[in-house]
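**Student:**
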Amino acid sequence: MSEQTWFVIAIIAYLMAMLAIGYWSYTKTSEYDDYVLGGRGLPPFVAALSAGASDLSGWVLMGLPGALFLSGLSELWIVFGLFAGAIANWQWVAPRLRAYSEIAENSITIPSFFENRLRDKSRLLRMVSAAIIIFFFTFYVSSGMVAGGRYFESTFDGDYLVGLLIVAAVTVAYTFVGGFLAVSYTDMVQGLMMFSALIIVPIMALLALDQPSDIFSFAANNDYGTNGVVEANPDFFNLFNVASAAGIATIIGNAAWGLGYFGQPHIIVRFMALKSPADAKASRNYGVFWLAICYAGATFVALIATVFFTQTGHSITDQDAFETVFLDMARVMFHPLPAGLVLTAVLAAIMSTMSSQLLILSSSLIEDIYMGLAKKRPSQFVLINLSRTAVVVIAIIGALLAVNPSDTILGLVGFAWAGFGSAFGPLVLFALYWKRLNAPGAIAGMITGAVVSIVWGIWFGGIIYEMVPGFIASTVALVLVTLATKAPSEEIQQEFDKAAKLDNLADAGGLDFDQAASKVK
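Sequential numbering from 0 applies to the sequence shown in my numbering.
See below:
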C-alpha cells in the first residue's frame, strides 16, 4: 500500500474513535446543564488532560516548534511563562472557582458566574463578557482550522481547503452530539496522543543523527534547514538576548503569556466541572507533569530539526513559518502506519482545542446572550438544540475566516490569548480573592483590558506583546472604578466568605463538595 493509504487508515481509525466517544457522551447527556458542563462530575485525570489539550492545541506541535526553529531559544520565554501560569491557575483559581461557581447560583458559564457573583441586575456584565468571548474565540477557532488545513497540506500533499473542511466537520460532529462530556473525554484521549508523540518523535530523530550533540550548537554556526534555507543565527542559543531594549521587551512579552491562563474560558471552565474543589490538587499534579513533557518534547523537536533536515536533505513543507517541522520529521522516520498514528496526534491537538472553543462559544450565545434576552426559560430540549445549532453556525464563520489566513497559527493564537488574558484574567482573580469588587469595576476592567489588547496589538505590537499593557490597564481600571463606586452588599460579602471557607475546608480535609458545604452551613 502507498504511504497515503496508510495515513488514511490511521486517521480514519482516529476519527471513528472520536465519533464513538461523541455518541457515548450523547447517551449520558439528557439535561442542558449536562451538555454545557457535564453535570459537574469530571474526574481529576480527565479534567487535567482536557484542560491541557484544549490549551495547547496545534500550536505546541506546529506553532511552537516553528517559532523556535526560526528564531531560537529566546522564544522559550513563552514556555516558561505558560508553565508558571498553568501551575498558578491550578493552585489558586481551580479550587476557589469550583466552589464559588456552584455557590453563586450554580453558574455554568464564566459570564454567568461574573453576573451571579456580583449580583449585576442590569445584565450588562454578562452581555459584555459574552461578546468578548464570541469576538476572540472566533479568531481562536479560525486558528485551529488554519492548522487543520496546513496539516493536510503537509501530511497528504493535499488541498488546504479540503483539509480545513474535514477537520471542521468531524470536530463539529462530536461536539454537536455529545457536548461537554464528548469534548472532555476526546480531549483526554487527544492529550495522551500528544504526550506520546512528543516523546517518541524527538527521541527517534535524535537517534538518527550522526552527531546528536550538534543540536546544541549547529544553528549558531551554520545555515540550517533544507539546503540551508535559514541563515545561521549566532544568538540562536542565547536565552537572555537582552542587549537592547527590544530584546528585553521580547522576553517580558513572551513570559507574559503566562498571565493569560487566568482568563481563558475554555480552560477554567474545566475547573467548574470538577466533582469537588479538593480534586483540583490531583488535577494540578497530572496537568503539570503532562505540560512539562509536552513543552520539553516540542522544544527538542525544534532543536533536533535544525540538524535533522540539514543532514538528511528532506524538505520542510512550510518554508515561511516552518510550522510543519514536526509533521515532516515524523513522515521521514516512520513506516507509514505508525507515522500516520503519530501525525494524528497533531490532528488531535487541533481538534481538542477547537471543540472546547466551539462549546464555549455556543454556551455564551445561548446561555448568556439568548437567555439574557428571552422573557422565559425554554425547555431543556430547545436549549440543547439551540446550543447545537450555534456550534454549526460558529464553525461556518470560523471556516470562512480561515479560507485565506492572514497570519501564522501562533499569531492568531497570540491575539486571542492576549484578549482573553487582558479582559478576564484580572477579573477572575479579583472575583475570587477580593471581597470589595463590584459590578462597575468588573465591567470597566473587562472592557479596558479587551480594548487595550486589541489597539496595542494592531498599532504597537512590535514594541511588546499586548498582554502586558492589556493586563495592567485592566487591573488599574478594575481597582480604581471599584473603589470609586458603591461597595457590594452584605449578602455578596457573606457569600464571598462562604466560598472561601468552602474552598479551604475541601482543600484541607479532602472533603467532597457536599460534605464541605454542610460544614460551612
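Glycine included, C-beta positions come from ideal geometry on N, C-alpha and C.
All of these numbers come straight from a predicted model, not from anything done at the bench.
#1: If you measure from the CB of Ala472, is any heavy atom of the ligand ZN nearer than 7 angstroms?
#2: For Tyr223, write down the residues that DSSP places opposite it in a beta bridge.
#3: Tell me which same chain residues have a C-beta within less than 7 angstroms of the C-beta of Leu290, skipping the five on either side of it?
#4: Using the DSSP secondary-structure output, state which residues sit across from Leu273 in a beta bridge.
#5: Excluding the 5 residues flanking Gly37 on each side, which residues of the same chain have their C-beta closer than 7 angstroms to its C-beta?
#6: So Gly21 and Gly177 are supposed to be a Cβ contact under 8 angstroms. How far apart are they, rounded?
#7: Would you kindly report the start and end of the unbroken alpha helix (DSSP H) that includes Pro337?
#8: If you count every other CB in all the chains shown that lies within 10 Å of the CB of Ser355, and 16 or more means buried, which is it?
#9: Asp119: buried (16+ other C-beta within 10 angstroms of its C-beta) or exposed?
#10: Measuring CA to CA, which of Ala19, Phe135 and Phe113 is closest to Val450?
#11: Can you give the Cα-Cα distance for Val300 and Trp23, rounded to whole angstroms?
#12: When the Cα atoms are used, what is the spatial distance from Glu2 to Gly80?
#13: Between the alpha carbons of Ala196 and Ile251, how many angstroms are there, rounded?
#14: Apart from the five residues just before and just after Ser517, which ones in its own chain have a Cβ nearer than 7 angstroms to its Cβ?
#15: So what's Ser517 in DSSP terms, helix, strand or just coil?
#16: Roughly how many angstroms separate the alpha carbons of Phe138 and Ala401, rounded to a whole number?
#17: Taking 7 angstroms as the limit between beta carbons, can you name the residues of its chain near Ala431, skipping five residues before and five after?
#18: Give a yes or no on whether the C-beta atoms belonging to Ser521 and Gly397 are separated by under 8 angstroms.
#19: Among residues of its own chain, excluding the 5 on either side of Asn226, which ones have a beta-carbon nearer than 8 angstroms to its beta-carbon?
#20: From Ile109 to Ala297, what distance separates their C-alpha atoms?
#21: Report yes if the CB atom of Leu399 is closer than 8 angstroms to the CB atom of Ile303, and no otherwise.
#22: Using only CA atoms, which one of Arg435, Ala373 and Gly420 lies nearest to Pro264?
#23: Roughly how many angstroms lie between the CA atoms of Ser212 and Thr305, to the nearest whole one?
#24: Nearest-angstrom Cα distance between Lys497 and Phe261?
#25: To the nearest angstrom, how far is it from the Cα of Phe308 to the Cα of Asp317?
#26: I want to know whether the stretch 432 to 446 touches the stretch 469 to 486 - three or more CB-CB distances under 8 angstroms.
#27: State whether the stretch 146 to 160 contacts the stretch 11 to 18, with contact taken as three or more CB pairs (one from each stretch) at a distance under 8 angstroms.
#28: Taking 6 angstroms as the limit between beta carbons, can you name the residues of its chain near Tyr159, skipping five residues before and five after?
#29: Check whether the stretch 63 to 79 and the stretch 226 to 236 touch, using three or more Cβ-Cβ pairs below 8 angstroms as the test.
#30: What residues in its chain sit with their C-beta under 6 angstroms from that of Gln189, if we drop five residues either side in the sequence?
#31: Among Ala279, Ile199, Trp256 and Val467, whose alpha-carbon lies nearest the alpha-carbon of Glu74?
#32: To the nearest angstrom, how far is it from the Cα of Phe429 to the Cα of Ile132?
#33: What is the DSSP secondary structure of Met332, reduced to helix, strand or coil?
#34: Determine the closest residue to Arg283 out of Val345, Trp89 and Met193, with distance taken between C-alpha atoms.
#35: When you compare only the Cα positions, how much space is there between Trp458 and Phe470?
#36: Looking at C-alpha atoms only, which residue of Val390, Leu436, Glu489 and Gly418 is the closest neighbour of Tyr173?
**Tutor:** In terms of the structure at hand:
#1: By its list of ligands, the structure shown contains no ligand whatsoever, and the ligand ZN lies outside what it can speak to.
#2: To locate residue 223, count along the sequence shown from 1; it is residue 224. Tyr223 is bridged to Val229.
#3: On the sequence shown, residue 290 is found 291 positions in, with the first residue counted as 1. Within the same chain, Leu290 has close Cβ partners Gly51, Phe82 and Ala85.
#4: For the purposes of this step, residue 273 is taken as the residue at position 274 of the sequence shown. According to DSSP, Leu273 bridges with Leu41.
#5: Your numbering for residue 37 matches position 38 in the sequence shown. So the qualifying residues of the chain are Phe179, Leu180, Ser183 and Ala272.
#6: Locating residue 21 in the sequence shown gives position 22, where the first residue counts as 1. Locating residue 177 in the sequence shown gives position 178, where the first residue counts as 1. Rounded, the Cβ-Cβ distance is 4 angstroms, consistent with contact.
#7: For this step, residue 337 is matched to residue 338 along the sequence shown. Here the alpha helix (DSSP H) through Pro337 covers Pro335 to Ser362.
#8: Locating residue 355 in the sequence shown gives position 356, counting from the first residue. Flag for Ser355 reads buried.
#9: The count along the sequence shown starts at 1 and reaches residue 119 at position 120. With 16 or more Cβ atoms within 10 Å of its Cβ, Asp119 is classed as buried.
#10: Translated into the one-based positions of the sequence shown, residue 450 becomes position 451. Of the listed residues, the one whose Cα sits closest to Val450 is Phe135.
#11: Translated into the one-based positions of the sequence shown, residue 300 becomes position 301. Translated into the one-based positions of the sequence shown, residue 23 becomes position 24. Roughly 35 angstroms separates the two Cα atoms.
#12: In the sequence shown, counting from the first residue as 1, residue 2 sits at position 3. In the sequence shown, counting from the first residue as 1, residue 80 sits at position 81. Cα to Cα, Glu2 sits roughly 39 angstroms from Gly80.
#13: For the purposes of this step, residue 196 is taken as the residue at position 197 of the sequence shown. For the purposes of this step, residue 251 is taken as the residue at position 252 of the sequence shown. The alpha-carbon atoms of Ala196 and Ile251 are separated by roughly 30 angstroms.
#14: As a working note, residue 517 is residue 518 in the sequence shown. Low confidence applies here, because Ser517 scores a pLDDT of 49, under 50, leaving its location unreliable and the question unanswered by this model.
#15: One-based indexing of the sequence shown puts residue 517 at position 518. With a pLDDT of 49 at Ser517, under the threshold of 50, the predicted position of this residue should be treated as unreliable, and no value is reported.
#16: In the sequence shown, residue 138 corresponds to position 139, counting from 1. In the sequence shown, residue 401 corresponds to position 402, counting from 1. Phe138 and Ala401: Cα-Cα distance of roughly 9 angstroms.
#17: Numbered from its first residue, the sequence shown carries residue 431 at position 432. Here residue 431 is Leu; the residue named in the question, Ala, does not match the sequence. For Leu431, where only same-chain residues beyond five positions count, the Cβ hits under 7 angstroms are Val92, Arg95, Leu96 and Tyr99.
#18: Outside the shown range of the chain (0 to 520) lies residue 521, about which nothing can therefore be said.
#19: Position 227 of the sequence shown, counting from 1, holds the residue named residue 226. Cβ neighbours of Asn226 beyond the five flanking positions: Gly312.
#20: The residue labelled residue 109 in the question sits at position 110 within the sequence shown. The residue labelled residue 297 in the question sits at position 298 within the sequence shown. So the two alpha carbons sit approximately 31 angstroms from each other.
#21: Stepping through the sequence shown from its first residue, residue 399 is reached at position 400. Stepping through the sequence shown from its first residue, residue 303 is reached at position 304. Cβ distance not < 8 angstroms, so Leu399 and Ile303 don't count as in contact.
#22: Residue numbering aside, residue 264 sits at position 265 when the sequence shown is read from its first letter. Residue Gly420 is the option with its Cα nearest to Pro264.
#23: Locating residue 212 in the sequence shown gives position 213, counting from the first residue. Locating residue 305 in the sequence shown gives position 306, counting from the first residue. For Ser212 and Thr305, the distance between alpha carbons rounds to 12 angstroms.
#24: Numbered from its first residue, the sequence shown carries residue 497 at position 498. Numbered from its first residue, the sequence shown carries residue 261 at position 262. Near 22 angstroms, if we compare the C-alpha coordinates of Phe261 and Lys497.
#25: Locating residue 308 in the sequence shown gives position 309, where the first residue counts as 1. Locating residue 317 in the sequence shown gives position 318, where the first residue counts as 1. Each residue's Cα considered, the two are about 13 angstroms apart.
#26: yes
#27: no
#28: Within the sequence shown, numbered from 1, the residue matching residue 159 stands at position 160. Taken in chain order, the residues that qualify are Gly148 and Glu152.
#29: yes
#30: Here residue 189 corresponds to residue number 190 of the sequence shown, with the count starting at 1. Counting only Cβ-Cβ distances below 6 angstroms, and skipping sequence neighbours, we find Ala52, Ala347 and Ser351.
#31: Taking the sequence shown and counting its residues from 1, the one referred to as residue 74 is at position 75. Nearest option by C-alpha distance: Trp256.
#32: For the purposes of this step, residue 429 is taken as the residue at position 430 of the sequence shown. For the purposes of this step, residue 132 is taken as the residue at position 133 of the sequence shown. Distance between the alpha carbons of Phe429 and Ile132 is about 19 angstroms.
#33: Locating residue 332 in the sequence shown gives position 333, where the first residue counts as 1. Helix.
#34: As a position in the sequence shown, residue 283 is number 284, starting the count at 1. Nearest option by C-alpha distance: Trp89.
#35: To locate residue 458, count along the sequence shown from 1; it is residue 459. To locate residue 470, count along the sequence shown from 1; it is residue 471. For Trp458 and Phe470, the distance between alpha carbons rounds to 17 angstroms.
#36: To locate residue 173, count along the sequence shown from 1; it is residue 174. The shortest C-alpha separation from Tyr173 is found at Val390.
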